[in-house]
Amino acid sequence: MKIPFVTFIPLEKELDQEIRAAFERVYTRSWYIEGEEDKAFEKAFAEFCGVKYAVGTGNGLDALMLALKALGIGPGDEVIVPSNTFIATVLAVTYVGAVPVLVEPDIKTFNIDPSLIEEKITPATKAIMPVHLYGQACDMDPIMEIAKKHGLYVVEDCAQAHGATYKGRKVGTFGDVAGFSFYPGKNLGALGDAGAVITNSEETAGLVRAYGNYGSDYKYHHVYKGNNSRLDELQAAFLSAKLPVLDKVNEDRRRIASIYLEGIKNEKIVLPFVREDCVPVWHIFAVRCKERDLLEKHLGDLGIGTNKHYPTPIHLQECYKDLGLKEGDLRIAEEISATELSLPLYYGMTDEQIQYVIDSVNSF
Ligand SMILES: Cc1ncc(COP(=O)(O)O)c(C=O)c1O
């Protein structure tokens, strides 16, 4: 049996008419940037998240960068980020001219360890960026407490966690502002690059919109030296077609994850840990294995696609040599990079496909 790491086909088949209708709507209207679709999606997405404002952006990296910029974070500032994340979180900090300060995750949840944050706070620290990695929320209570105590902003990276909850509350609603990615492979994915910022602050939403629109408040009037990063009409229309089924998609991902959690029984494999106070959305089903590369080959030989999130930790990436960190400095991030393997998990996976993955992992 051949099982890809990810496929969009089951969902695309189900939404075929809606997606084509979305294209027709935009094409017939012949209006592609800053229009009705953008407005309608922003309103619907803000409602879904439970916040006042959503502002569409060109992608998730820009969403985070614009969020930081809107908070006035820039040169001379430090921002606390997890050492185990996709590089975009950290690049957003670099792009506004601030310095990323890496904090190790809890190896069980893969998310930033709140007990290690305070020792990294300096007079230059301006914000904490928790990343709800692989679809499970960070432990937000202690993070918010630390932020409050030290007067820091909290910028949530929700790129992998659309709809995930912590203590019954959706991610993106804890901090001052949050960034989402709608990269095609995300739980809510566009048919290209797209992103959004959400916040309850009118001022922050307005600044994000202006910074992402050449720094203008109205056409050809430029208050800031901004960027061009807007959600285009086509992507907004596709996202509006997909948003109504996001809860169903997440539910299906939980179905698959729970069958994996029940069925995978192999002492060489460490299964992902689910916190009692979290409802994850399983963007990624991350297992750990000392012989990860052999497991990857074993599954590959059986026709199963896998992935590594992420094979090289941020501090050992060439572009971040300037952080002055070397191998051994962030051992948990390094351990995750060396042992993590992501199993296939996508909407519409059949029981037979799930069982085949389980049997294949168990036979390793
Ligand atoms: C944790 C995290 N942050 C940020 C991003 C950036 O999003 P995008 O690819 O839309 O720029 C991604 C996704 O790629 C991500 O996984």
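All you need for the numbering used here is the position in the sequence shown, starting with 1, plus 823.
Heads up, the beta-carbon is just placed ideally off N, CA and C, and yes, glycines get one too.
In this text, all values refer to a predicted model and were calculated from it rather than measured experimentally.
Which residues does DSSP pair with residue i in a beta bridge?
{"i": "A877", "result": "I1021"}
{"i": "R992", "result": "Y989"}
{"i": "W1002", "result": "Looking at the sequence shown, residue 1002 is not Trp but Gly. In the DSSP output, where bridge partners are listed per residue, G1002 has D980, V1020."}
{"i": "F1108", "result": "L1166"}
Assuming residue i and residue j form a contact by the criterion Cβ under 8 angstroms, report the distance between their Cβ atoms to the nearest whole angstrom.
{"i": "G879", "j": "A1059", "result": "6 angstroms"}
{"i": "I1021", "j": "Y918", "result": "Not really, about 20 angstroms apart at Cβ, beyond 8 angstroms."}
{"i": "G1002", "j": "D980", "result": "6 angstroms"}
{"i": "R908", "j": "L956", "result": "According to the sequence displayed, residue 908 carries Thr and not Arg. That belief holds up - the Cβ atoms of T908 and L956 are roughly 6 angstroms apart, short of 8 angstroms."}
{"i": "G1128", "j": "P1095", "result": "Between P1095 and G1128 the Cβ distance is about 18 angstroms, and since that is not below 8 angstroms, they are no contact."}
{"i": "A982", "j": "S1004", "result": "4 angstroms"}
Taking only the alpha-carbon atoms, compute the straight-line gap between residue i and residue j and give it to the nearest angstrom.
{"i": "K1071", "j": "G986", "result": "11 angstroms"}
{"i": "P1103", "j": "R992", "result": "12 angstroms"}
{"i": "K1088", "j": "R1078", "result": "18 angstroms"}
{"i": "K972", "j": "I951", "result": "12 angstroms"}
{"i": "A921", "j": "Y1179", "result": "47 angstroms"}
{"i": "D1055", "j": "I969", "result": "37 angstroms"}
{"i": "S853", "j": "P833", "result": "29 angstroms"}
{"i": "D1075", "j": "F933", "result": "22 angstroms"}
{"i": "K943", "j": "V954", "result": "17 angstroms"}
{"i": "F868", "j": "S1063", "result": "9 angstroms"}
{"i": "K1120", "j": "K825", "result": "14 angstroms"}
{"i": "L1084", "j": "M1172", "result": "15 angstroms"}
Based on Cα-Cα distance, which residue from the options lies nearest to residue i?
{"i": "E860", "options": "A869, R848, E870, A1001", "result": "R848"}
{"i": "A1028", "options": "L975, H955, I1127, L891", "result": "L891"}
{"i": "Y795", "options": "A1109, V1031, K1048", "result": "Only positions 824 to 1187 of the chain appear in this structure, which leaves residue 795 out of reach."}
{"i": "I935", "options": "K949, T912, T945", "result": "T912"}
{"i": "L1069", "options": "K1009, A960, D964, I903", "result": "K1009"}
{"i": "P1007", "options": "V829, A867, M824, K825", "result": "V829"}
{"i": "G1151", "options": "R1053, L1030, L1139", "result": "L1139"}
{"i": "P937", "options": "D962, V1031, P827, G1086", "result": "D962"}
{"i": "A915", "options": "L894, K931, E927, P928", "result": "L894"}
{"i": "L1153", "options": "I930, E1026, A1109, S1024", "result": "I930"}
Buried or exposed for residue i, going by 16 or more other Cβ atoms inside 10 Å?
{"i": "V1046", "result": "exposed"}
{"i": "A947", "result": "exposed"}
{"i": "K976", "result": "A small fix is needed here, since residue 976 is Tyr in this sequence, not Lys. The residue in question, Y976, is buried, as its Cβ has 16 or more Cβ neighbours within 10 Å."}
{"i": "H1106", "result": "buried"}
{"i": "K949", "result": "buried"}
{"i": "G1147", "result": "exposed"}
{"i": "S1186", "result": "exposed"}
{"i": "H1132", "result": "buried"}
{"i": "G1018", "result": "buried"}
{"i": "I856", "result": "exposed"}
{"i": "L1030", "result": "buried"}
{"i": "T851", "result": "exposed"}
Any chance the CB of residue i is under 6 angstroms from a heavy atom of ligand 3?
{"i": "N1023", "result": "The model depicted lacks ligand 3 and carries ligand 1 instead."}
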